[in-house]
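First comes the structure, then the notes that go with it.
In the numbering used here, the protein residues as written are 59 to 601.
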């Protein structure tokens with residue numbers, strides 16, 4: 059059975075069109091089809107015009123008919139058949155020019171309908187080639203006009219008026235079509251450059267990806283300077299990045315920026331020449347400028363605007379490109395924020411794994427060594443006891459140093475996280491690891507904390523869960539986290555046997571971690587269940 063390739067949505071939509079609309083869609087997609095159809099229409103128009111008024115041209119009418127009929131047949135063969143498919147664009151242009159020259163020579167008048175073919179020849183050349191092709195065809199047509207004016211003039215007096223009018227029309231068309239061709243080339247070059255937008259989004263440094271993106275945007279828009287101002291919609295701080303002659307400058311929270319700059323330019327491009335907005339841009343860039351264009355953007359998380367200073371081109375296409383660049387910047391801000399959160403979560407998980415490994419291996423070994431040294435120290439007297447005491451102190455310092463190293467893994471301290479989402483994501487593997495039912499409740503649900511506090515909370519929850527499962531044989535751990543001003547209140551309750559002992563256990567590592575943060579820990583027992591109450595300050599992560 060034959061297998062057919064799936065058709066594209068555009069092909070399916072074209073098949074659903076009626077025949078006339080299908081032909082129009084084909085012409086819109088293929089410039090060469092438009093050239094072929096234009097040749098048929100123009101030739102038929104000239105033939106019909108001569109048929110209506112055979113006095114223009116006044117001589118060699120039959121020869122003009124014959125040439126035009128041959129030209130119409132040539133045009134129809136190019137449009138409707140494949141017989142002349144191997145004929146290139148240059149050969150077709152030479153045929154068009156030759157036909158025009160023959161018709162002008164046969165008709166012998168500058169005011170004949172044949173002049174309509176001049177416009178067709180220039181337009182078809184503009185669609186196929188650039189300035190050089192247009193100038194070459196225009197020069198050939200101008201030569202035909204001059205020859206016709208000299209050879210057909212009565213008594214050697216050329217028809218100067220018609221020659222000037224025809225020549226002006228030809229070269230005015232050349233100028234317009236040349237601009238069209240140049241504009242098309244420039245638009246294509248911009249789109250190619252826009253398509254090669256850099257994708258090196260990294261989070262190890264301070265927005266290095268923004269530098270390459272802004273430099274690329276300045277190149278696409280041919281701008282001397284480009285400024286991006288943005289704000290997280292959940293935060294009050296405003297950030298600014300400026301690219302000027304390849305140099306980058308970042309500034310956080312410029313106090314002079316207000317929401318009106320974002321809102322007024324949202325979804326459109328504003329030209330700034332004077333007024334309040336000009337004074338605002340003067341304060342932002344701190345240098346002389348002539349014209350500025352502002353385009354706003356809004357995404358799920360961010361609002362902002364890009365300011366393009368003194369772009370080389372300010373046509374309508376450039377305005378649209380500014381809006382595309384603004385959308386791209388907004389998308390990259392969102393993407394960078396998501397990557398940053400993902401990397402932060404991965405870093406917390408890695409820190410938890412390293413802390414667990416160190417706790418289960420190195421720290422346990424150090425603890426055992428310290429306990430043995432303390433026992434030996436109590437049995438000795440004099441100089442040996444002092445030596446063991448010093449060795450014990452060194453081991454305790456190494457133990458604290460390892461703990462501080464695990465807690466001090468490089469992070470982004472100014473980044474805020476939604477606590478409920480991050481803790482639930484972190485707690486998911488703990489349930490399977492310790493085979494216990496771990497429940498989490500955060501109040502209020504939208505509570506956010508800085509990354510250092512989040513990292514310490516995760517490590518504390520991990521240690522408390524491990525202690526409850528390993529030492530208390532707990533099968534369920536309930537954790538309630540409540541935000542109280544500048545404190546995070548954490549209540550950890552399990553169903554193990556730790557609360558039934560004569561002496562309530564106090565996890566030393568957990569207590570030390572809370573103390574280092576400037577908080578406090580209380581351990582109580584209610585109905586045999588052990589409760590660990592932690593109070594942790596969120597304003598600053600100490601130690």
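Beta carbons: idealized from backbone N, C-alpha and C, even for Gly.
The C-beta of residue 348 has fewer than 16 other C-beta atoms within 10 Å across all chains shown, which makes the residue exposed. Our two residues, residue 548 and residue 411, have alpha carbons roughly 22 Å apart in a direct line. Beta-bridge annotation (DSSP): residue 595 is paired with 545. The three-state secondary structure of residue 157, taken from DSSP, is helix. Only residues of its own chain outside the window of five on either side were considered, and among them 135 have a CB closer than 8 Å to the CB of residue 141, listed in chain order.
Looking from the CA of residue 189, the closest CA among 242, 201, 204 belongs to 242. Rounded to the nearest whole angstrom, the C-alpha separation of residue 590 and residue 583 is 9 Å. Residue 587 and residue 287 have their C-alpha atoms roughly 54 Å apart. At a Cβ-Cβ threshold of 9 Å, residue 127 and residue 105 count as neighbours. Along the length of the region 500-555, whole alpha helix (DSSP H) runs at least 4 residues long occupy 509-528, reported in chain order. Taking the Cβ atoms as the reference, residue 276 lies roughly 5 Å from residue 301, within the contact range of under 8 Å. Bounds of any alpha helix (DSSP H) do not take in residue 173, whose DSSP letter is neither H nor E.
Nearest neighbour of residue 374 by Cα position, chosen from 308, 427, 279, turns out to be 279. Excluding five sequence positions before and after residue 581, the CB atoms of its chain that fall closer than 6 Å to its own CB belong to 562, 564, 590, given in chain order.
Proximity to residue 504 across 526, 483, 477, 530 peaks at 477, based on C-alpha coordinates. Spatial neighbours of residue 200 in its own chain (CB-CB distance under 7 Å, excluding positions within 5 residues in sequence) are listed in chain order as 225, 228.
Counting only the Cα atoms, residue 132 lies some 25 Å from residue 193. Using a Cβ distance threshold of 9 Å, residue 388 and residue 355 count as a contacting pair.
Residue 100 and residue 254 have their alpha carbons spaced roughly 41 Å apart. Assignment of residue 290 by DSSP, reduced to helix, strand and coil, places it in the strand class. Contact check between the region 573-580 and the region 529-536: fewer than three CB pairs, one atom from each, fall below 8 Å, which does not count as touching. Secondary structure of residue 96 (DSSP, three-state): helix. Looking at the backbone, the Cα of residue 439 and that of residue 445 are separated by about 10 Å.
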